[in-house]
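Novice:
In full-length UniProt numbering, the protein residues as written are 1 to 221.
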């Protein structure tokens, strides 16, 4: 189950291209990981007739053997065989990337810069917890989404923002849904969730520091 705001379905060509880039970077051990160690296996050798190669057999260097084709097909299928949870995690990161960044699949792990100090962010969260009338707003153009723990195959839900993942703890029920529920997160709802989820304050501090959430006073939201 997923919940999101601002997501746009990707084009199929774009989706497949990015997925294959991910597989190449993460599922193939090295540039020297060949389908077969010996390229001669691609050629078919038959005994007798024609020019011999000195060992009593005749090479047909132009033919790809049925086994060679099957071996290549098996290799592709093995690489494509992601379990459902791993594919869901990749897709969530990909689909929350701003569209201009989707073609650069290698940039999925890039960290966002800190734009608010930790002490300032901690103070904002403390104001929310005290009921001081402070709400939080999504950064403009930021894409928020999440995967349930069941879909992600993790202990808790996983929040995704602009291609970055934020794993939540097993006691964080309702946190990801709240954060993704609307552009402006009302202070009263945040205050209630801070009481319910012992790790919510750290998540809010992190998101505020990264500039993904910023504070507004309830009169201005």
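Each residue gets a CB set at the ideal place from its N, CA and C atoms; glycine is no exception.
1. Looking at the unbroken beta strand (DSSP E) that takes in residue 139, where does it start and where does it end?
2. Can you tell me whether residue 159 is helix, strand or coil according to DSSP?
3. What is the residue span of the alpha helix (DSSP H) that residue 181 lies within?
4. Would you list the one or two residues that DSSP bridges to residue 166?
5. Would you be able to state if there are at least three C-beta pairs under 8 angstroms between the stretch 79 to 93 and the stretch 115 to 132?
6. May I have the straight-line CA-CA distance separating residue 94 from residue 60, to the nearest angstrom?
7. Checking 8 angstroms against the spacing of the C-beta atoms, do residue 213 and residue 89 come in under that value?
8. Considering only C-alpha positions, which residue in the set 193, 25 and 184 is nearest to residue 217?
9. Three Cβ pairs or more, each shorter than 8 angstroms: is that satisfied between the stretch 65 to 78 and the stretch 168 to 185?
10. Is residue 96 near residue 145, with beta carbons less than 8 angstroms apart?
11. For residue 158 versus residue 167, is the C-beta spacing smaller than 8 angstroms?
12. If we count the other Cβ atoms within 10 Å of its Cβ and call it buried at 16 or more, is residue 209 buried or exposed?
13. Can you say whether residue 9 is buried or exposed, counting buried as having 16 or more other CB atoms within 10 angstroms of its CB?
14. Would you call residue 205 buried or exposed, if buried means 16 or more other Cβ atoms sit within 10 Å of its Cβ?
15. Quick one: Cα of residue 202 to Cα of residue 154, how far?
16. Provide the residue(s) that pair with residue 151 in DSSP beta bridges, ordered along the chain.
Specialist: On the basis of the coordinates in this document:
1. It is not in any beta strand (DSSP E) - residue 139 carries neither H nor E in the DSSP assignment.
2. strand
3. 175 to 181
4. 159
5. no
6. 46 angstroms
7. no
8. 184
9. no
10. yes
11. yes
12. buried
13. exposed
14. buried
15. 19 angstroms
16. Answer by DSSP bridge pairing: none, since residue 151 is not bridged.
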